[in-house]
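Going by the numbering used here, 405 is the number at position 213 of the sequence shown; the sequence numbering is gapless.
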Amino acid sequence: MAPVAVPSNPSDGLPAPVASSISTEMWGAAAGTPVPANAADKNTLQLTQCSDSATAGVEQATLHDADPALAPATLIQPPELLPPTEAPNDTAANPAAGDVHPIDFATALAITTGQNPQVAFARQRINEAFAQMRAAEVLWVPSLRAGMNYNKHEGTIQDVAGNIIETSRGSVYTGLGAQAVGAGSPAVPGIVMNFHTKDMIFQPRITEQLLAASRQASRATTNDILLDTALAYNDLLEALEIEAIAGETLDNTRRLAEVTGNYAQAGQGLPSDADRAQAELASRQVESQRTVEAVQVASIRLARLLSQDPTIHLAPLEPAIVPIDLAPMHCSL
Numbered sequence: 193m194a195p196v197a198v199p200s201n202p203s204d205g206l207p208a209p210v211a212s213s214i215s216t217e218m219w220g221a222a223a224g225t226p227v228p229a230n231a232a233d234k235n236t237l238q239l240t241q242c243s244d245s246a247t248a249g250v251e252q253a254t255l256h257d258a259d260p261a262l263a264p265a266t267l268i269q270p271p272e273l274l275p276p277t278e279a280p281n282d283t284a285a286n287p288a289a290g291d292v293h294p295i296d297f298a299t300a301l302a303i304t305t306g307q308n309p310q311v312a313f314a315r316q317r318i319n320e321a322f323a324q325m326r327a328a329e330v331l332w333v334p335s336l337r338a339g340m341n342y343n344k345h346e347g348t349i350q351d352v353a354g355n356i357i358e359t360s361r362g363s364v365y366t367g368l369g370a371q372a373v374g375a376g377s378p379a380v381p382g383i384v385m386n387f388h389t390k391d392m393i394f395q396p397r398i399t400e401q402l403l404a405a406s407r408q409a410s411r412a413t414t415n416d417i418l419l420d421t422a423l424a425y426n427d428l429l430e431a432l433e434i435e436a437i438a439g440e441t442l443d444n445t446r447r448l449a450e451v452t453g454n455y456a457q458a459g460q461g462l463p464s465d466a467d468r469a470q471a472e473l474a475s476r477q478v479e480s481q482r483t484v485e486a487v488q489v490a491s492i493r494l495a496r497l498l499s500q501d502p503t504i505h506l507a508p509l510e511p512a513i514v515p516i517d518l519a520p521m522h523c524s525l
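In structure tokens:
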């Protein structure tokens with residue numbers, strides 16, 4: 193699998209242990225470290241890093257989480273799927289085999305973090321809360337209004353005493369405020385301060401707490417979607433294993449039906465045994481077709497979580513889920 197590069201700050205929205213590891217391994221390109229060629233070659237996928245082995249990616253995550261109330265969320269760009277591989281020979285048996293995209297577990301998690309719409313929406317809620325906090329911090333700042341107006345009158349007009357007089361007048365006003373007629377004050381003031389004192393004091397604190405809550409909600413949403421992706425990936429692996437078992441069973445049943453049929457034709461076996469073998473073969477063929485359908489359904493569900501085309505066929509690179517060490521033995525708790 194080709195190295196995958198992801199822009200800065202991929203750890204936003206992930207738990208701290210997982211974020212540290214993804215910054216150093218899955219997004220190793222930020223520190224000049226390539227992604228492993230095949231995640232299946234590793235016995236375990238280290239998703240945590242000790243404090244003495246932090247890299248640039250971990251330092252980015254540390255700086256980002258140092259003051260969560262002063263930095264808006266950053267939407268990262270996930271890696272793309274690998275190009276399709278060559279289709280196997282049994283394309284007729286598997287219609288989806290012509291467009292196979294290999295993917296590993298780490299790439300699936302990275303794509304989910306960057307492209308899932310629910311994760312992106314949760315991050316935008318962080319930006320919304322951040323903007324509200326900034327607005328609350330400048331609530332006491334006065335508003336400046338500038339404008340102009342023009343007034344012109346020709347002909348008769350009634351004065352204050354009620355007399356009808358002929359007049360010709362005109363006026364132009366520019367500057368702070370607007371709608372200034374004659375010698376009167378502008379109807380729209382130029383400097384406006386309109387707020388409650390309690391809001392000026394407590395609203396910044398309230399919005400800061402709302403920002404922290406939005407960050408935690410975004411992290412919870414990301415973890416939920418990552419869990420769904422991991423389960424969908426595991427379901428795809430399970431469906432592939434069941435398909436392989438069903439295919440092997442079908443081959444064994446086909447050979448058994450051939451042997452019993454030959455014995456029945458030679459008169460050395462019972463025709464009933466050959467009939468039972470043929471019936472079992474038909475049942476195994478149906479079961480094998482069901483496993484193929486189950487693999488396609490599992491691939492579609494995983495593609496939906498990855499925001500990919502559901503018509504492509506995702507092929508996991510690992511034969512099984514790679515174990516994850518959440519608490520390595522060489523790290524002190």
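Using N, Cα and C, we set each Cβ at its ideal position, and we do this for glycine too.
Secondary structure of residue i, DSSP reduced to three states
i	result
D501	coil
N355	coil
N343	strand
P294	strand
L473	helix
P508	strand
V484	helix
R361	strand
A379	coil
A231	Low confidence applies here, because A231 scores a pLDDT of 38, under 50, leaving its location unreliable and the question unanswered by this model.
P494	Reading off the sequence shown, one finds Leu at residue 494, where the question assumed Pro. If DSSP states are grouped into helix, strand and coil, L494 belongs with the helices.
V384	strand
Q350	strand
H522	coil
Endpoints, the beta strand (DSSP E) within which residue i is located
i	result
N415	N415 -> not in any beta strand (DSSP E); alpha helix (DSSP H) instead, spanning T389 to A458.
8 Å Cβ cutoff met for residue i and residue j
i	j	result
L429	A512	yes
S499	N308	yes
E435	T503	no
L368	A338	yes
S410	A314	yes
L336	I295	no
T414	V311	yes
I318	S377	no
L509	S491	no
A458	A466	no
A438	E400	no
M325	L403	yes
L442	Q477	yes
Exposure of residue i, with buried meaning 16 or more beta-carbon neighbours within 10 Å
i	result
L423	exposed
R496	exposed
Y342	exposed
F297	buried
S363	exposed
L462	exposed
I398	exposed
A300	buried
T389	exposed
G306	buried
R361	exposed
V227	Its pLDDT being 38, under 50, V227 is placed unreliably in this model, and the value from its coordinates should be taken loosely. Flag for V227 reads buried.
V333	exposed
V487	buried
R493	buried
V352	exposed
T359	exposed
A328	buried
A173	This structure leaves residue 173 out entirely; the chain is present only between 193 and 525.
P381	exposed
S245	For S245, the predicted structure reports a pLDDT of 36, less than 50, and the residue's modelled location is therefore unreliable. A value from the coordinates is still provided. Exposed, by the Cβ-count rule.
V330	exposed
A323	exposed
Residue range of the alpha helix (DSSP H) that includes residue i
i	result
G306	F297 to Q307
heavy atom of the ligand ATP below 7 Å from residue i C-beta
i	result
E358	By its list of ligands, the structure shown contains no ligand whatsoever, and the ligand ATP lies outside what it can speak to.
Proximity test, Cβ basis, 8 Å: residue i and chain B
i	result
E329	As a matter of chain content, chain B is missing from the structure shown, which is built from one protein chain.
Would you be able to state if there are at least three C-beta pairs under 8 Å between the stretch 470-481 and the stretch 403-423? no
### Task
Report yes or no: do the stretch 340-350 and the stretch 394-401 share at least 3 C-beta pairs separated by less than 8 Å?
no
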